[in-house]
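First the structure, in the form of structure tokens, and then the observations on it.
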Amino acid sequence: MTDDTKTGYDVIIVGAGPAGLCAAMYAGRGMLKALTIERGAPGGELLNTDLIEDYIGFESIKGWELAQKMAEHAKKFGAEIVTDTVEQVRKADDGWFDVATARGKTYRAPAVILTAGGTPVKLGVPGEGEYAGKGVSYCAVCDGAFFKGEVLAVVGGGDAAVEEADYLTRYATKVYIVHRRDQLRASKILQERAFANPKIEVIWNKQVVEIKGTARRRRCVHFHRVQAQYGSGRGTPQT
Ligand SMILES: Cc1cc2nc3c(=O)[nH]c(=O)nc-3n(C[C@H](O)[C@H](O)[C@H](O)COP(=O)(O)OP(=O)(O)OC[C@H]3O[C@@H](n4cnc5c(N)ncnc54)[C@H](O)[C@@H]3O)c2cc1C
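Sequential numbering of the sequence shown, starting at 355, is according to our numbering.
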């Protein structure tokens, strides 16, 4: 054990998104000594979300504000949150877990809760970051209701894309699925559902190269009009 090894925790929580903060809050209420290790600011993906309207008890709340409330709630019950990146979790011979971080620390506990979440796959095209939360979204269930009566484009051809496109037709007047191949990878049943849906149109063999906004872009979530330009230069559906 080195000088940088910290023991005495009942549980170590990796990640302080909503799941990690919830775990930290319950650990505190359960009188457990818990350490939460977060590589960034507490809140996780909530910090990439502009407005949340589907979290019960909060009719409408900014993502950062909800993140702050969750962190405060967890801290009220004694949550200890350190900023560091977990690089390795290893079970030692004594049955405890060694949690090693980028800052050279090793934390030890008999239990580890992994709440490291996931990161949406980005297209990596110009305009994507600029309009994230202002017309560009990574979660249909979360944000679909913001796009009532709009024309949308979903990029991709796997299960997630096709299922989300189908879901979005309950809000949108039209949903384009923009896919870079000539056939979808989604499971057959999802494909059949999409092809039978009159609001869905697939744009084949096209790759999004840029996302452009209009002058309305400053209107935050009310701004939905983003133009997607395709590799071959044809077609400009709006999301
Ligand atoms: C654009 C967008 C909009 C959304 N809108 C809504 C909405 O309106 N309503 C809704 O209910 N949900 C919404 N969601 C989904 C919601 O944000 C996620 O379901 C939720 O954040 C998942 O929580 P989590 O704690 O599991 O993971 P995350 O929020 O991903 O948190 C994981 C945390 O772990 C940290 N971490 C990861 N690896 C390490 C490591 N090695 N060391 C230390 N820390 C690490 C990350 O930095 C992160 O803070 C949205 C998501 C996105 C992306």
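Every residue gets a Cβ at the ideal spot worked out from N, C-alpha and C, and that includes glycine.
Quick one: does the C-beta of residue i sit closer than 6 Å to a heavy atom of ligand 1?
{"i": "Glu517", "result": "no"}
{"i": "Gly481", "result": "no"}
{"i": "Ile406", "result": "yes"}
{"i": "Ile391", "result": "yes"}
{"i": "Glu399", "result": "yes"}
{"i": "Val509", "result": "no"}
{"i": "Tyr521", "result": "no"}
{"i": "Tyr492", "result": "yes"}
Check each candidate in the options and name the one with the smallest Cα separation from residue i.
{"i": "Thr455", "options": "Phe500, Thr359, Gly417", "result": "Thr359"}
{"i": "Met379", "options": "Glu413, Ala433, Ala421, Ile366", "result": "Ala433"}
{"i": "Glu419", "options": "Thr437, Gly398, Asp438", "result": "Gly398"}
Can you say whether residue i is buried or exposed, counting buried as having 16 or more other CB atoms within 10 angstroms of its CB?
{"i": "Arg572", "result": "Confidence at Arg572 is low in this model, with a pLDDT of 35, below 50, so its placement is unreliable and the value that follows should be read with caution. Arg572 comes out exposed."}
{"i": "Thr403", "result": "buried"}
{"i": "Gly478", "result": "exposed"}
{"i": "Glu546", "result": "exposed"}
{"i": "Lys488", "result": "buried"}
{"i": "Gly411", "result": "exposed"}
Check whether the Cβ atoms of residue i and residue j sit closer than 7 Å, and answer yes or no.
{"i": "Leu538", "j": "Gly511", "result": "yes"}
{"i": "Leu375", "j": "Ala428", "result": "yes"}
{"i": "Val516", "j": "Lys560", "result": "no"}
{"i": "Ala463", "j": "Tyr363", "result": "yes"}
{"i": "Pro372", "j": "Ile435", "result": "no"}
{"i": "Val529", "j": "Leu506", "result": "yes"}
{"i": "Ser465", "j": "Val365", "result": "The question names Ser, but residue 465 is Ala in the sequence shown. Going by C-beta atoms, Ala465 is nearer than 7 Å to Val365."}
Span of the alpha helix (DSSP H) holding residue i?
{"i": "Ile435", "result": "From DSSP, Ile435 is part of no alpha helix (DSSP H) but of the beta strand (DSSP E) over 434 to 437."}
{"i": "Ile543", "result": "542 to 550"}
For the beta strand (DSSP E) containing residue i, list its first residue and its last residue.
{"i": "Arg444", "result": "440 to 445"}
{"i": "Ala454", "result": "451 to 455"}
{"i": "Glu392", "result": "388 to 392"}
{"i": "Ala507", "result": "505 to 509"}
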